[in-house]
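Written below as structure tokens is the structure these notes are about.
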Amino acid sequence: MPELPEVETVANGVHARVAGQRIVGVWTSGKSLTFKSPEAEIVETLTGARIEKVRRVGKTIVMDLSRGKTSGSQFLVHLGMTGRLLVSAPEVPMPLHTHAVLSLADSREVRFVDPRRFGKLSVVKEEGGYTGPGKEPTTISAGEFAKLFKGRKLAIKAALLNQSILHGVGNIYADESLFRAGIRPRKQAGKLTKAELARLHPALQEVLAKAIQLGGSSVSDYVDADGVRGFFQLEHKVYGRAGENCKDCTSPLKNIVVGGRTTVYCPKCQR
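Residue numbering for the sequence shown follows the working numbering, starting at 1 and increasing by one per position.
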């Protein structure tokens with residue numbers, strides 16, 4: 001499933017290509033699993049609207065819309081496991097499993113493609129819009145970060161994956177951040193020392209920033225708005241490398257399950 005850096009990369013790419021464009025038509029596939037809001041409501045909200053900004057909130061792509069002098073509506077795209085949001089010329093063949101097409105005034109199209117249909121499309125019209133379930137990990141201060149885990153009995157890996165605590169962090173970046181901070185994934189979140197929290201906070205932010213810079217991690221179906229794969233998978237220290245030697249100490253990496261998720265760590269570097 002695309003995580004924060006992948007979603008950020010897609011959102012930035014789409015924004016650079018379509019900000020300021022007007023949506024002149026909307027087509028939806030009728031596949032009900034894809035649509036969290038009624039399709040008719042999505043079509044009505046988007047048709048004739050101007051795309052002001054495309055951005056990320058947690059793991060969700062948010063398209064801010066305006067209509068005349070009125071703003072406030074948003075189109076939300078959750079990529080699920082295999083979702084892609086592509087900007088294409090109309091003559092480019094339509095990919096299989098396309099579930100929504102936004103036709104723009106300049107004749108280009110924004111296409112949502114999702115073979116497994118775990119992605120979700122919806123619209124929000126409420127004042128204040130969509131803010132996400134948890135805190136934003138890329139901007140949270142060290143003090144606020146430490147407070148999130150105080151008294152929590154769950155494992156720190158599970159805490160990092162809990163979207164109501166920090167939104168956007170997934171399996172890849174939790175493993176990579178814990179390795180760089182030298183912390184065992186099963187360590188109880190509420191028992192992390194001040195020194196450990198002081199290492200984990202910058203480790204998480206640095207990993208996320210580097211992954212965004214490299215266009216995310218393409219370990220499955222993820223591609224950006226142009227259909228291009230990311231490169232951060234080349235920087236992975238532990239994720240997906242169970243049984244291989246640690247790049248820092250050469251010890252074999254171990255594979256365990258934490259909070260129902262496959263987890264890879266170095267027993268020597270992480271204590």
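Glycine residues also receive a C-beta, built at the ideal position from the N, C-alpha and C atoms. Please read these numbers as outputs of a predicted model, since none were measured by experiment.
Those residues which DSSP pairs with residue i across a bridge
i	result
A100	T28, F112
T34	DSSP lists no partner for T34.
R186	DSSP output for R186 lists no bridge partner at all.
K276	Outside the shown range of the chain (1 to 271) lies residue 276, about which nothing can therefore be said.
R50	R22, S66
Where residue i falls, given that 16 or more other Cβ within 10 Å makes a residue buried
i	result
E32	First, the residue type needs correcting, since residue 32 is Ser and not Glu in the sequence shown. With fewer than 16 other Cβ atoms within 10 Å, it is exposed.
C249	exposed
I14	Per the sequence presented here, residue 14 reads as Val, with Ile not at that position. With 16 or more other Cβ atoms within 10 Å, it is buried.
M94	exposed
V238	buried
D64	buried
S131	Here residue 131 turns out to be Thr, not Ser, going by the sequence shown. Burial call: exposed.
P90	exposed
G68	exposed
Q74	buried
T263	buried
L46	buried
A158	buried
L166	buried
A209	exposed
G215	buried
Alpha-carbon to alpha-carbon, residue j and residue i
i	j	result
D175	Y265	7 Å
P115	K194	44 Å
A40	K150	45 Å
L121	K268	44 Å
V57	Q270	30 Å
I156	L76	29 Å
Q205	V257	24 Å
E127	K59	21 Å
A49	A105	11 Å
K125	K187	41 Å
P185	L192	11 Å
V92	G119	23 Å
A198	I172	21 Å
A146	L200	9 Å
I140	N162	16 Å
P38	G30	10 Å
P133	S71	23 Å
G240	E44	43 Å
N12	V110	14 Å
A211	A142	20 Å
L4	G259	19 Å
A181	K135	20 Å
I183	V26	48 Å
L102	I61	15 Å
Q21	V87	12 Å
E244	V207	21 Å
S164	L148	10 Å
Continuous alpha helix (DSSP H) stretch holding residue i: start and end
i	result
L197	194 to 213
K147	142 to 148
V43	39 to 46
G13	4 to 18
L178	171 to 181
Boundaries (first-last residue) of the beta strand (DSSP E) holding residue i
i	result
L154	From DSSP, L154 is part of no beta strand (DSSP E); its letter is neither H nor E.
Y265	261 to 265
L121	120 to 124
V258	254 to 258
Cutoff 9 Å: residue i Cβ touching any chain B Cβ
i	result
I183	Among the chains of the structure shown, chain B does not appear; only one protein chain is present.
Check your understanding: Which runs of the alpha helix (DSSP H), 4 residues or longer, sit entirely within the stretch 53 to 91?
Key -> none
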